[in-house]
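J.:
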Amino acid sequence: MIKLPTLQQLGFILISFFVVSCSEQESSTTSNIAQDSSGNMTVRDTPKGLDYEFYKESIEPIFIRYRGGFVGSDTACVACHTVQANAPLGLVALTEENGEVYWTEEQSRQNFENVAMLVNPSDPESSRLLLAPLSPIVGGERHSGGIFWNSTDHSEYRLVADWIATGDPRASADPVVEVDFEFFRSCVQPIFVNPIENAMPCTECHSGVFAIPPPANAYWTEEQSRLAFEELVYLIDQGRPDSSRFLHKPLHPNAGGDLMHNGGRRWYSKDDPERQALASWIRGDSVGSQCPSALQFDNPPRP
Ligand code: HEC
Ligand code: HEC
């Protein structure tokens with residue numbers, strides 16, 4: 005069982021890391037340490053030592069850049085990446101005032117924190133922020149938003165890479181979380197054939213992807229579970245339940261869910277026990293085939 009530290013703990017770990025390494029090699033790291041007004045030690049421009057001014061001047065404008073349209077890669081990143089649309093690159097919704105649209109200083113700081121989760125100064129090229137917009141032909145990754153950069157020479161790619169290089173190469177990468185397949189097969193997959201009252205089962209509309217129906221009167225085969233799992237992982241931001249589309253789409257908008265889902269709502273609150281059990285799995289905390297009570301179903305019969 006992997007226990008993830010909270011963000012606050014991570015920040016503390018990062019600071020302790022600098023303080024410890026600072027006492028070891030005084031001269032090279034002192035520039036990362038500043039004292040705030042109350043005399044506490046802080047790490048300048050955290051997280052990961054990344055340069056905030058550089059971010060604000062050169063990276064944030066990439067997210068808001070007008071690209072000529074409203075479909076796929078003609079769309080500005082921000083159109084899909086605010087809280088409402090809930091894709092992993094969590095940008096704060098823009099402030100609109102007197103016909104102007106912008107991020108306030110405080111909002112930019114918040115964006116900076118969120119975006120930093122997607123970069124990895126100790127292994128820059130593996131940064132999700134570099135891989136998503138990049139064409140898979142040159143090493144990028146599958147991205148619903150489309151292809152924005154055809155090569156690593158693209159000016160935006162270069163800017164992002166330069167920004168990542170301002171970070172501390174020793175800052176530890178975000179802990180890698182992997183959702184457990186066994187837990188999916190035993191405890192998650194049955195959700196797709198067990199609708200709540202007055203709703204259709206997920207299999208009705210998502211049978212081609214993650215909600216493959218089981219064979220008649222039997223449980224899914226191992227292979228069917230594998231296929232469904234791979235499709236569902238794509239709708240999960242591992243380690244971060246709230247930015248996972250799987251938990252966002254079927255959540256009611258009043259509870260912070262997506263504004264639209266053709267399949268209706270399954271959860272009306274983030275405290276829904278079923279949703280909480282799923283969140284724990286996405287955080288990497290639930291593994292194996294013992295299902296918590298919120299995820300125990302009789303249908304289909306277990307093998
Ligand atoms: C048309 C909507 C859309 C646009 C425009 C868009 N994205 Fe995305 N993006 C998504 C969705 C949906 C996801 C989550 C699923 C996925 O990875 O495809 C995502 C995922 C991501 C991720 C996380 C990938 C991962 O590892 O999970 C990053 C980083 C990202 N986008 C960056 C960008 C950047 C930078 C831009 C602009 C240059 C952009 N996106 C434009 C829809 C969009
Ligand atoms: C009546 C048909 C229907 C049912 C039932 C349904 N959905 Fe959907 N779902 C859709 C459609 C259509 C879309 C795409 C358009 C949209 O976002 O509404 C979608 C989108 C989604 C997405 C986002 C997919 C993506 O690629 O971004 C997720 C996640 C999702 N549904 C989960 C579920 C889950 C979980 C269930 C069962 C609890 C469910 N849906 C039941 C019709 C349905």
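Under this note's numbering, the first residue of the sequence shown carries the number 5, and numbering increases by one thereafter.
The beta carbon of each residue, even a glycine, is placed where N, CA and C say it ideally should be.
Treat the numbers as computed from the prediction; the structure is a model and nothing was measured.
Quick one: what's got a C-beta closer than 7 Å to Ala283's C-beta in the same chain, skipping five residues either side?
T.: Start at 1 with the first residue of the sequence shown, and residue 283 comes out as number 279. Within the same chain, Ala283 has close Cβ partners Pro245, Leu251.
J.: Please identify the residue among Lys52, Glu101, Pro307, Leu54 whose C-alpha is closest to the C-alpha of Ala220.
T.: Along the sequence shown, read from residue 1 onward, the residue named residue 220 stands at position 216. The candidate whose alpha carbon is nearest that of Ala220 is Pro307.
J.: My guess is that Phe196 and Pro205 are in contact by the Cβ rule of under 8 Å, so how many angstroms apart are they, rounded?
T.: The count along the sequence shown starts at 1 and reaches residue 196 at position 192. The count along the sequence shown starts at 1 and reaches residue 205 at position 201. With 8 Å as the limit, Phe196 and Pro205 qualify as a contact, their Cβ atoms being about 6 Å apart.
J.: Among Val96, Trp107, Arg249, whose alpha-carbon lies nearest the alpha-carbon of Asn118?
T.: Against the sequence shown, residue 118 aligns to sequence position 114. Answer by Cα proximity: Val96.
J.: Drop a sphere of 10 angstroms on the beta-carbon of Asp302, count the other beta-carbons inside from all chains shown, and report buried for 16 or more, exposed for fewer.
T.: Counting from 1 along the sequence shown, the entry for residue 302 is found at position 298. So Asp302 ends up on the exposed side.
J.: Taking 8 Å as the cut-off, decide whether the C-beta atoms of Ser139 and Ala175 are in contact.
T.: As a first step, residue 139 is located in the sequence shown; it is residue number 135 there, counting from the start. As a first step, residue 175 is located in the sequence shown; it is residue number 171 there, counting from the start. No, the pair does not count as a contact, with Cβ atoms beyond the cut-off.
J.: Could you give the distance in angstroms between the alpha-carbon of Pro217 and the alpha-carbon of Pro305?
T.: Here residue 217 refers to the residue found at position 213 when the sequence shown is read from its first residue. Here residue 305 refers to the residue found at position 301 when the sequence shown is read from its first residue. Near 13 Å, if we compare the C-alpha coordinates of Pro305 and Pro217.
J.: Given the structure, does Thr156 come close to ligand 1, in the sense that its CB is under 7 Å from one of the ligand's heavy atoms?
T.: Within the sequence shown, numbered from 1, the residue matching residue 156 stands at position 152. No heavy atom of ligand 1 is found nearer than 7 Å to the CB of Thr156.
J.: Alpha carbon to alpha carbon, what distance is there between Val82 and Phe116?
T.: For the purposes of this step, residue 116 is taken as residue 112 along the sequence shown, with counting starting at 1. For the purposes of this step, residue 82 is taken as residue 78 along the sequence shown, with counting starting at 1. So the alpha carbons of these two residues sit roughly 14 Å apart.
J.: Which partner residues of Thr86 appear in the DSSP bridge assignment?
T.: If you number the sequence shown from 1, residue 86 lands on position 82. Thr86 is bridged to Leu95.
J.: What do you get for Met121, buried or exposed, if any count of 16 or more other CB atoms within 10 angstroms of its CB means buried?
T.: As a first step, residue 121 is located in the sequence shown; it is residue number 117 there, counting from the start. Met121 should be labelled buried.
J.: May I have the straight-line CA-CA distance separating Glu310 from Ala165, to the nearest angstrom?
T.: Summary: the structure shown does not reach residue 310, with the chain confined to residues 5 through 307, and so no result is reported for it.
J.: For the pair the stretch 283-292 and the stretch 175-187, tell me if three or more CB-CB distances fall below 8 Å.
T.: yes
J.: Taking Val237 as the reference, which of Ala80, Pro173, Val192, Ser131 has the closest Cα?
T.: Against the sequence shown, residue 237 aligns to sequence position 233. With distances taken between Cα atoms, Val237 lies closest to Val192.
J.: According to DSSP, what are the bridge partners of Trp271?
T.: Indexing the sequence shown from 1 puts residue 271 at position 267. DSSP lists Leu255 as partners of Trp271.
J.: Given that a residue counts as buried once 16 or more other Cβ atoms are within 10 Å of its Cβ, and exposed if not, what is Gln268?
T.: For the purposes of this step, residue 268 is identified with residue 264 of the sequence shown, where counting begins at 1. One point to set straight first is that residue 268 is Gly, not Gln, in the sequence displayed. With fewer than 16 Cβ atoms within 10 Å of its Cβ, Gly268 is classed as exposed.
J.: Among the candidates Gly94, Thr79, Lys60, whose CA atom is the shortest distance from the CA of Ser112?
T.: Position 108 of the sequence shown, counted from the start, is the residue given in the question as residue 112. Per the Cα distances, Lys60.
J.: If you follow the alpha helix (DSSP H) that Glu227 is in, where does it begin and where does it stop?
T.: Numbered from its first residue, the sequence shown carries residue 227 at position 223. Element bounds for Glu227: 226-237.
J.: Between the alpha carbons of Arg146 and Leu231, how many angstroms are there, rounded?
T.: Position 142 of the sequence shown, counted from the start, is the residue given in the question as residue 146. Position 227 of the sequence shown, counted from the start, is the residue given in the question as residue 231. Cα to Cα, the separation comes out at about 17 Å.
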